[in-house]
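In terms of this note's numbering, the sequence shown opens at residue 1174 and continues consecutively. Think of the CB as a built atom: it goes at the ideal place given N, C-alpha and C, for glycine as much as any other residue.
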Amino acid sequence: MNRLLSNLIQEIPRRLLLGLAMVCLLSDQLLAAEREISGKIVSTEDKNPLPGVTIIVKGNNSIGTATDTEGKFKLTVPDEATLILSYIGYISQEVVVGSQSELTIEMAPDQKQLSEVVVIGYGTQKKGDVTSSVASIKREDFIKGTVRDAAQLVQGKVAGLRITTPSGSPSSNTQINLRGINSINGNSDPLVLIDGIPGGLNTVAPEDIESVDVLKDGSAAAIYGTRATGGVILITTRKNRGTSRATVEYSNYVNIQTIARRPELFTGDDYRRKISEGIDYTDYGGNTDWLGEIMQKPVSHNHNLTFFGGNSTTNFTGSVNYRNWEGIFLRSGQNRFTGRADLNHAMFDNKLKTNIQIINRITSTNGAVSPADNDIAYGYIYRQAMIRNPTDRVRTETGAWQERDGYFYENPVSLINESNYDAKFKEMRMSGSLDYAPIEDLNFKLLVSNVQNSNLEGGSTTFNHTATRLSNQNGTAYRGTYANNENLLELTGNYAKSFGKHRFTLLGGYSWQDATYESFSASNWDFPTDAYDWNNLGAGGALQKGQAGMGSTKNKWQLAGFFGRLTYSLDEKYLFMASVRREGSSRFGINNQWGTFPAASVGWRISKERFMEGLTDVSEIKLRAGVGVTGTIANSPYLSQISYNFSRDQGAFIGGKWVPGFVPARNFNPDLRWEKKEEVNAGVDFGFVKNRISGSIDVYSRKVKDLLYDFPVPVPPYLTGSMFINAGTMKNEGLEVLLNLVPIQTANLQWNSGFTYSTNRNKLVSLSNDQFQASNDFFDAGYTGEPIQISTHRVKVGEPIGRFFVWKSVGVDEKGGWLVENKDGEVIPVAEAKPEDRQYYGNGIPKHNVGWNNSVRFKSFDLALNMRGAFGYDVLNFQSMFYNNPKNKAYNMLNTAYDPIDGKVLNNDLVYVSHYIENGNYWKIDNVTLGYTLPQNLIKGMKNARVFVSGLNLATITGYTGVDPEGMTMTGFFPGSDQRDKYPTTRTFTAGLSVTF
């Protein structure tokens, strides 16, 4: 049955393409033209003709034209046609032709791009009035095709927001970073709000999102206080905006995946060829493709159903999303169900508005390992497939797994088949709001929410797992669960008033948030049978031996804040905003639980000045500048409080008996406080030729003070040798550019193009404060793993973050040994190198990030082409460092391992040298989507239908020799480390359908 279903799913893309071709051939014959009309289109402002206005017949995009230089047009249309008129800078409108043959139409100017509503903290603002650095991406501009989460919808579209996919695992999320690294031990991830309520990038299905707004600078984000240093991402879900529409939408897609770039290893035949050349390899007589043995050709599918209904008084939105994704590794996959219901009701002449929203999410995972450990556990299996002798076999003659003795040398197919994992994550989000407007221009809003999530998981290994052979454990099992409960209450009041040339808004509010987390886990081993899995933990023999494991924990935190904001506009030219938040957190020391976070920004719309009136091609020029203070909250709730651990291994002999006791685990620090980021931002927004050319430029400087750092302290007087304190300063500076173009706009063809560019420079300014002075002005980060076992990066005061710290290789000697440069610049064998000979080399953080997004519409066809690139950075290629060395004949290697270096074959133990640090520059053809919109009246009752095919991560232009120059972490303090144990990134091909009734 499963095979039949899989074959059916794989047939869907082919049948969709066949249907697409048939529709394209027949659709032009479905609508018969009836008569010719003509007309002229002018502006309502000055009655001047409008050239280039796009005119199409509603329901049939293939019938259309554009006005000429005199604003005139001719068009053959069917009976009872309705024309849709669109023109950059003017309000789109529909015109019923009726019996008319000659039409004169007036179009009104539209300040849409300037009056477009942008979501900001605790409210909205017209785009033209925004004085901070805010990016807003609407649904129509989202990335199309297979999308992992909300971040991938806007990938490459927001300057300064770096979004990558370092893992190909079906359960992993995108990695996101805004304006560089901003903390050492604090949480520097952006704050994500779903309709005002804290959540994650995968809280709602991507198909259920209306817009994504990013508060990038301090003046925009300061109103969120201690949670906003990493920026704020505001996700707005789709809603029935009070209209009387009753609509049903259904969309689906199916995709297949392959590894982005498969490593080329020695085969069994290559081994035998090397043996014939006198090289000491072992030939077991087989020819096994170990990577192929642990991989599959995954087929995944996604379905989304959305309902809109009601009227202007009572309306609702409901959506159901089901996603079943498989991974390229065997037994790796995840399915997810997300349901959302949103109900709105207005009463008392719209003075009181209510909203109730429920989001339910259930994620089920079963396979070989926990998704939390995918890159580690599946990565270790991936490593074993890389190094396994290709002449060996998977199983013995008796059907048992073929195992061999060796250092970290295990059968990867055994590992992936003899372990089991199952988990179910559930989340219920309930929220409600009351919005009351007692008088005109004044409203009060109460928002309350409760978010509960829980996870129940179990894992086991069988008697045939290598844990039995290597550790004599006879089957292992564990069971774990956790639950989290989070409450939010916010009360805001907003007053907006206009009089003459003056317009201002005043916001005030209070916010309370608390969360409680608890967990429990237990493990055992030495079971009498595999049949129990994790469902009878007590049967394991380790429990009787006192060697079973068990643990539990619970923590709680609270956050409270008072905030206010004032905005003012004079004649729509001179703009001002100021905000402040006073916030308290239980995570900080009793002496510093409250902090103040002010912000201010100004703007000048030069294009509104009288001296600009003659420049008709200037649509908008706005200068803006802002300053703001935000904070970074501690990761753990109790870092400021003293703590003791009970351990039976720690204690003393009292009266001849061993008495276990409590051991100090954490020092008391009543002065622990939030990290404070001070940021200055200046920018310009511009638009020309009726906004066919538009964009923005921002420059910023941010300094993070009072960095949370685990500082070494003397014992005594302190109880333990380290303590979290506020010590150190970090600095980031950068430039961001956004440019949007409409190069072509005709009736049948329109091309929109957008460019993004960002660059960032960072530096660790200090690692000390007035009380504590660091013994070293640096700290090490990253790790190579065994057998090299050395750090990969060093972060030093006064220097950029992200630099590799390595022995600099300058070649190999006559025997094939590495030659390196010592601290005095002399060339020595690597065997004689000392730790102090290591030096800084390259940097794993890109200096330049570029995006180029294109969307083209030709009649009923649409094409989206999204490309991204990163330049000016380096990558430590672990794959080359471990597998491009022929020294150890017990492990397989890349087929380039014997390629000469400086004319000599490498003959050196594994070592970390700069030779393995490569230029990481790349340019990706990231997403290509081709769609076709079917004629509106093709099927009665169908309002819209579209089919599409798409490719994700299609091609990468790079000199990097690893799997993917983007397939690694770009945050933290060891960026650019392309790890050995990883879940490789993938290439995805998708076909889909969307229908609206």
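Check, Outcome
"Spatial neighbours of residue 1938 in its chain, beta-carbon cut-off 6 Å, leaving aside the 5 residues before and after", "1902, 1904"
"Residue 1141 - partner residues in DSSP beta bridges", "For residue 1141 there is no data in the structure shown, the boundaries of the chain being 1174 and 2170."
"As assigned by DSSP and simplified to three states, the class of residue 1499", "strand"
"Minimum C-alpha distance to residue 1370 - residue among 1621, 1317, 1474, 2020", "1621"
"Rounded C-alpha distance that separates residue 1205 from residue 1333", "Below a pLDDT of 50, predicted positions are generally treated as unreliable, and residue 1205, at 43, falls in that range; no measurement from the model is reported."
"Any alpha helix (DSSP H) of 4 or more consecutive residues that is wholly inside the stretch 1292–1363", "1323–1326"
"Cβ pair residue 1392, residue 1871 closer than 8 Å", "no"
"Segment contact, 8 Å Cβ cut-off, at least three pairs: the stretch 1707–1716 with the stretch 1370–1380", "no"
"Inter-stretch contact (C-beta, 8 Å, three-pair minimum) for the stretch 1566–1574 and the stretch 1507–1526", "no"
"Where residue 1960 falls, given that 16 or more other Cβ within 10 Å makes a residue buried", "exposed"
"7 Å CB neighbourhood of residue 1806 in its chain, flanking five on each side removed", "1359, 1360, 1399, 1400, 1758, 1760, 1847"
"Residue 2050 and residue 2151 closer than 8 Å at C-beta", "yes"
"Residues that DSSP places opposite residue 1208 in a beta bridge", "1250"
"Cutoff 6 Å; reference residue 1194; Cβ partners in own chain excluding five residues on either side", "A caution first: residue 1194 carries a pLDDT of 42, below 50, which makes its placement in the model too unreliable to give a value."
"Best match in 1239, 1277, 1302 for proximity to residue 1793 [C-alpha to C-alpha]", "1302"
"Residue of 1977, 1976, 1992, 1975 minimising C-alpha distance to residue 1983", "1992"
"Integer Cβ distance of residue 1898 from residue 1842, believed to fall under 8 Å", "6 Å"
"Beta-carbon proximity list for residue 2095, same chain, < 7 Å, skipping 5 on both sides", "2042, 2043, 2129, 2130, 2131, 2133, 2138, 2139"
"Cα-Cα separation between residue 1836 and residue 1895, rounded to whole angstroms", "14 Å"
"Pair within 8 Å by beta-carbon distance, residue 1867 and residue 1860", "yes"
"Residue of 1917, 1828, 1827, 1821 minimising C-alpha distance to residue 1834", "1821"
"For residue 1816, the residue or residues it bridges with in DSSP", "1839"
"Spatial neighbours of residue 1727 in its chain, beta-carbon cut-off 6 Å, leaving aside the 5 residues before and after", "1691"
"Whether residue 1308 touches residue 1803 by CB criterion (8 Å)", "no"
"Cβ neighbours of residue 1916 in the same chain (closer than 7 Å, five flanking residues each side left out)", "1924, 1926"
"DSSP-derived helix/strand/coil call for residue 1617", "strand"
"Residue 1323 and residue 1405 closer than 8 Å at C-beta", "no"
"Within-8 Å CB hit, residue 2037 to chain C", "Within the model displayed, chain C is absent; a lone protein chain is all it includes."
"Residue 1688 in three-state terms, based on DSSP", "strand"
"Residue 1723 in three-state terms, based on DSSP", "strand"
"Minimum length 3: unbroken beta strand (DSSP E) runs contained in the stretch 1933–1978", "1951–1954, 1966–1969"
"For residue 1447, the first and last residue of its enclosing alpha helix (DSSP H)", "1441–1449"
"Whether residue 1425 touches residue 2165 by CB criterion (8 Å)", "yes"
"Residue 1487 versus 1495, 1462, 1477, 1515, residue with shortest Cα-Cα distance", "1515"
"Alpha-carbon spacing of residue 2182 relative to residue 2120, whole angstroms", "In the structure as shown, the chain begins at 1174 and stops at 2170. Residue 2182 is therefore absent and cannot be evaluated."
"Three-state class that DSSP yields for residue 1200 in the structure shown", "Interpretation of residue 1200 is limited by its pLDDT of 41, a score under 50 that renders its predicted location unreliable; the figure taken from the coordinates is listed afterwards. In this structure, residue 1200 counts as helix in the three-state DSSP scheme."
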